[in-house]
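Residue numbers (my numbering): 9 to 220.
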């Protein structure tokens, strides 16, 4: 047993080292990340309705207790994972021009939306959001905040460069920037973008923003 030494009139005496209280197990970060990754994989494989804590635990290579120690239900687990997307956000483009920033944003977003896992998860969560207000709020927060910060940054940079007038309507700008790509990739789920589509979209969006 690990001990610490203390002293008294009789000289150094061993004293037991304090241990963590029973039940105060440390939540290992690698296990938490494995569970989060398993949630995405399980959602893509079976959908939210058929997803289970047992399936997530099995896919993550942990026991059910490890999952319940972190989240009290399947709903709270999914809400946490989806909400985390808003925190991660997207990289801020810095190409030196409005059209260039938009093109880079569209390239990154398009790849993310067309990832096999994302392309399965997003439509399923959208359908579930129609029945569950909590999922609807979390999904809207993840999508809206993830795009909003980047779009606002692109607009602000364009204003500083003089490419856009000061005081552009931020809500309208966000709709113009994000709407077309999400419509094609998420709503109608076009399997493949036409050649040159992202460049054309960036050019058209830049023109629309300058007209505001």
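No residue lacks a Cβ here, since even glycine has one placed at the ideal position from N, Cα and C.
Predicted model, so just to flag it, every value in this text is computed and none were measured.
Near residue i, which residues of its chain fall below 8 Å by C-beta distance, leaving aside the five closest residues on each side in sequence?
{"i": "residue 172", "result": "106, 163, 166, 217, 218 and 220"}
{"i": "residue 207", "result": "111"}
{"i": "residue 87", "result": "142, 143 and 146"}
{"i": "residue 35", "result": "77 and 78"}
{"i": "residue 72", "result": "61, 62 and 65"}
{"i": "residue 211", "result": "107"}
{"i": "residue 83", "result": "140, 142 and 143"}
{"i": "residue 103", "result": "109, 111 and 112"}
Quick check on residue i: buried or exposed, where buried means 16 or more other Cβ atoms within 10 Å of its Cβ?
{"i": "residue 177", "result": "exposed"}
{"i": "residue 196", "result": "exposed"}
{"i": "residue 41", "result": "exposed"}
{"i": "residue 60", "result": "exposed"}
{"i": "residue 138", "result": "exposed"}
{"i": "residue 183", "result": "exposed"}
{"i": "residue 202", "result": "exposed"}
{"i": "residue 198", "result": "exposed"}
{"i": "residue 85", "result": "buried"}
{"i": "residue 133", "result": "buried"}
{"i": "residue 214", "result": "buried"}
{"i": "residue 74", "result": "buried"}
Residues in the same chain with beta-carbon distance under 7 Å from residue i, minus the five sequence neighbours each way, listed in chain order, please.
{"i": "residue 193", "result": "118, 121 and 122"}
{"i": "residue 160", "result": "178"}
{"i": "residue 180", "result": "220"}
{"i": "residue 129", "result": "48, 51 and 52"}
So, are the CB atoms of residue i and residue j less than 8 Å apart?
{"i": "residue 125", "j": "residue 52", "result": "yes"}
{"i": "residue 209", "j": "residue 114", "result": "yes"}
{"i": "residue 99", "j": "residue 109", "result": "no"}
{"i": "residue 70", "j": "residue 89", "result": "no"}
{"i": "residue 155", "j": "residue 127", "result": "no"}
Give me, in chain order, the residues of the same chain whose beta-carbon lies closer than 6 Å to that of residue i; leave out the 5 immediate sequence neighbours on both sides.
{"i": "residue 174", "result": "167"}
The ligand COA heavy atoms versus the CB of residue i: any closer than 7 Å?
{"i": "residue 204", "result": "What this structure holds is no ligand at all, so the ligand COA is not there to describe."}
Are the region 112-119 and the region 42-51 touching, with three or more C-beta to C-beta distances below 8 Å? no
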